[in-house]
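**Student:** Take a look at this one; I'll ask things after.
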Amino acid sequence: MNYMNLAELLFPHINKKISDYDAIYPERILPEGAKVTRLGPSPTGFIHLGNLYGAFVDERLATQSNGVFFLRIEDTDDKRQVEGAVELIITSLKFFGINFSEGAIIDGSVGDYGPYRQSDRGPIYQCFAKELVEKGFAYPCFLGEEEITLIREEQEKSKQNPGIYGEWAKNRALTYEEILSKVEEGKPYVIRLKSQGNPNATGDQIKTISIEDGIRGTLVMPENIQDIVILKATGIPTYHFAHVVDDHLMRTTHVVRGAEWLSSLPVHVELFQVLGLEMPVFCHTAQLMKLDEDGNKRKLSKRLDPELSLEYYRNQGYHPKAVREYLLTILNSNFEEWRIANPDLPMEDFHFTIEKMSNSGALFDLNKLNDISKDVLVKIPAKELYTWLKEWAAEYHPEMTPLFENNEEYFERILDLGRSGDKPRKDLIYASQIFEFISYFFDAYFKIEDKNPENISDEDAKLILKAYIETYNQKDDQSAWFDKIRTFGATLGYAAKPKDYKKNPELYKGHVGDVSTIIRIAVMGRSQSPDVWEIQQILGEEKTKIRLSKQL
RNA sequence: GGCUCCAUGGUCAAGAGGUUAAGACACCGCCCUUUCACGGCAGUAACCCGGGUUCAAUUCCCGGUGGAGUCACCA
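Residue 398 in this note's numbering sits at position 388 of the first sequence; the count goes up by one each step and never skips.
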């Protein structure tokens, strides 16, 4: 068989050589140790926490080393394209602080190593495939869907591994004439790798490959024997082939991807070998897991877990910084301790390393995210929180936007409530929770939600409120204000100090805490809230009094 | 099923051939306190199993078991 002729038959219009592309995309000139990473999402219109998790690793590695982090759109599957998906990927990641230094942008691309959309790179892949055919490392395969199904059924019956390999690779040894006539007939075909692995080896004879994974250390796996498809019938490459060609030409140094790629690593290794290309460092990250209904861990799935969509967190109003900090704590085991030691440094100061990455899948832990979020938000100035909340509301709850109009100072006082001092309150977690938490400050949302304590009769409740209104003076400081409550509470039969009540409960109807609960419910609608005096100072005398009298 | 990866409290995890096996979240109790939150203090809770190597194994090796991933003209 003359492979040159075959290559010419299959790819008559391809006249560039791999070396031509190598010249167009030369090795990058970068500082010593700089890493080139990439994110290669397929534009399916869905992006979840797991994607962010991986992207974060890429981004940290690149920016920490003054390298390059680029975005390549892996749109080789025409069945899964979704309108606007690229925009969604870029804006979602950007929201969470992931920015690319190169690659696809919403309407085009930036950088010298493009095109960055695989659908625009057809001739490049075909050139690489052509050279593989020329060297006898790839061949056209005319097996159709039905024939492949038949092969698989036969393999299953005889308990052999499925796939096109060895004797099952029926089109491997087609003569030039056979191929020519099929091509002239117009029969569709794919290009398959002619695997150099030994399909007949068993047991100890099976050759293994050994590679150093950046996260997992030495990996030993059996060599590939499968004649996998590298070019589909449409001339578009499969992931495997596109990955090898692109990461070579784009001069990627570190391929960060999920552990689900581990099992196809031998394919990629063989592809790099037959193409004579140097391999990047592979870093296979652990998957983010979730607990399913049966109590088992499983990989996050975009189909099954819409609540893990990035959109969900934006919609709930998690602050991007909180999500980033959470991700970092599960990504690098020493981050948490670093954070405790350096509570005020920006997280970008933390030196991220792939060595410290865990290689077993972490369960997504909402409790932890919430806890981290509290610590993150407490450090953000009220002014910033206001702007952030306003933007969030504009996007997700337009009906709330009137609350923000000419109301910045009011808002900031609310958000700063109890946040000063060395033991600041930490009750802000995410935007929708914050609104729920502070809603009583706004008349449109204020309502009586809780019931008065059982030990206080409705009659007594009214007496308490009446006495409170009578003695109310907005100018009282906190202790003067509370002394008054103690005093009239005592005359109504409530212990001025809870301890007195505990000592002799039979002497009282209750204690001052019960009295203030009545006030609290009248003013806030809830039995639990931050300090009443401070809230009243923010609310103002008029609003406070109106609310009090309404309960009489 | 084949292949691959993984295995320390409920969760995230540190760790070393000999340790009272860190820490964080969650949970429980107490303190602070007019409620809640914050904060402080204390507490419950873990090395998957079986062999081997060794004076000594949770740590190293082998074998199970369990969990996960993957076996497409998807990525």
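All C-beta atoms, glycine included, are put in the ideal place defined by N, C-alpha and C.
1) May I ask you to verify whether the segment 517-524 touches the segment 389-405, counting CB pairs closer than 8 Å and requiring at least 3?
2) To the nearest angstrom, how far is the alpha carbon of Val388 from that of Met357?
3) Which class does Glu112 belong to by DSSP, given the choice of helix, strand or coil?
4) Are Ser370 and His58 close, meaning C-beta to C-beta below 8 Å?
5) With three or more beta-carbon pairs closer than 8 Å as the criterion, would you say the segment 409-420 touches the segment 494-509?
6) Could you give the C-beta distance for Leu558 and Val533, rounded to a whole number, given that I count them as a contact under 8 Å?
7) Going by beta carbon distance, what residues of the same chain come within less than 6 Å of Phe452, once the five residues before and after it are set aside?
8) Can you tell which of Glu195, Ser467, Asp468, Ile424 has the C-alpha that lies nearest to the C-alpha of Phe447?
9) Assign Tyr186 to one of two classes, buried (16 or more other C-beta atoms within 10 Å of its C-beta) or exposed (fewer than that).
10) Find the nearest neighbour of Asn465 within the set Lys519, Ala506, Leu502, Leu473, judged by alpha-carbon distance.
11) Below 8 Å between beta carbons: does that hold for Leu40 and His264?
12) Thinking just about the alpha-carbon of each residue, which of Ala332, Phe362, Ala372 is nearest to the one in Asp381?
13) For Thr54 versus Ala95, is the C-beta spacing smaller than 8 Å?
14) From this set, Thr295, Lys485, Ile458, which residue's C-alpha is nearest Lys560's C-alpha?
15) Determine the direct distance from the alpha carbon of Met289 to that of Phe345, and round the result to whole angstroms.
16) In three-state DSSP terms, what is Thr527?
17) Go to Met357, then tell me how far its alpha helix (DSSP H) extends in each direction, as first and last residue.
18) Could you pull out every residue in the same chain whose Cβ sits closer than 7 Å to the Cβ of Ser372, ignoring the five residues on either side in sequence?
19) Given a cut-off of 8 Å, decide if His253 and His278 are closer than it, judged by their beta-carbon atoms.
20) Where do the N-terminal and C-terminal ends of the alpha helix (DSSP H) with Ile556 fall, by residue?
21) Is there contact here, the segment 144-152 with the segment 183-202, by at least three beta-carbon pairs under 8 Å?
22) In three-state terms, what does DSSP make of Asp122?
23) If you measure between the beta carbons of His250 and Ile235, is that distance less than 8 Å?
24) Does Asp493 come out as helix, strand or coil in the three-state DSSP assignment?
25) Using the three-state DSSP reduction, which class does Phe414 fall into: helix, strand or coil?
**Tutor:** In short:
1) No, the segment 517-524 does not touch the segment 389-405.
2) If you take the alpha carbons of Val388 and Met357, they lie about 15 Å apart.
3) Glu112 sits in a strand when the DSSP states are folded into three classes.
4) Their beta carbons are not under 8 Å apart, which means Ser370 does not touch His58 by this criterion.
5) The segment 409-420 vs the segment 494-509: no contact.
6) Right, their Cβ atoms sit about 7 Å apart.
7) Within the same chain, and ignoring the five residues on either side of Phe452 in sequence, the residues whose Cβ sits closer than 6 Å to its Cβ are Leu413.
8) Closest by alpha carbon: Ile424.
9) With fewer than 16 other Cβ atoms inside 10 Å of its own Cβ, Tyr186 counts as exposed.
10) Closest by alpha carbon: Lys519.
11) Here Leu40 is not near His264, since their CB atoms are 8 Å or more apart.
12) Among Ala332, Phe362, Ala372, the Cα nearest to that of Asp381 belongs to Ala332.
13) Yes, these two residues count as a Cβ contact at 8 Å.
14) Closest in C-alpha terms to Lys560, from the list Thr295, Lys485, Ile458, comes Ile458.
15) The straight-line gap from Cα to Cα measures roughly 30 Å.
16) In this structure, Thr527 counts as helix in the three-state DSSP scheme.
17) Segment: none, Met357 is in no alpha helix (DSSP H) and carries neither H nor E.
18) Checking the sequence shown, residue 372 turns out to be Ala, not Ser. Closer than 7 Å at the Cβ level, and outside the excluded window around Ala372, lie Ala296, Leu298, Met299, Ile340.
19) Cβ distance < 8 Å, so His278 and His253 count as in contact.
20) The continuous alpha helix (DSSP H) containing Ile556 extends over residues 551-560.
21) In the pairwise beta carbon analysis, the segment 144-152 is classified as touching the segment 183-202: at least three pairs are separated by under 8 Å.
22) Of the three classes helix, strand and coil, the one that applies to Asp122 here is coil, per DSSP.
23) The answer is no: Cβ separation not under 8 Å.
24) In the displayed model, Asp493 falls within a helix according to three-state DSSP.
25) In this structure, Phe414 counts as helix in the three-state DSSP scheme.
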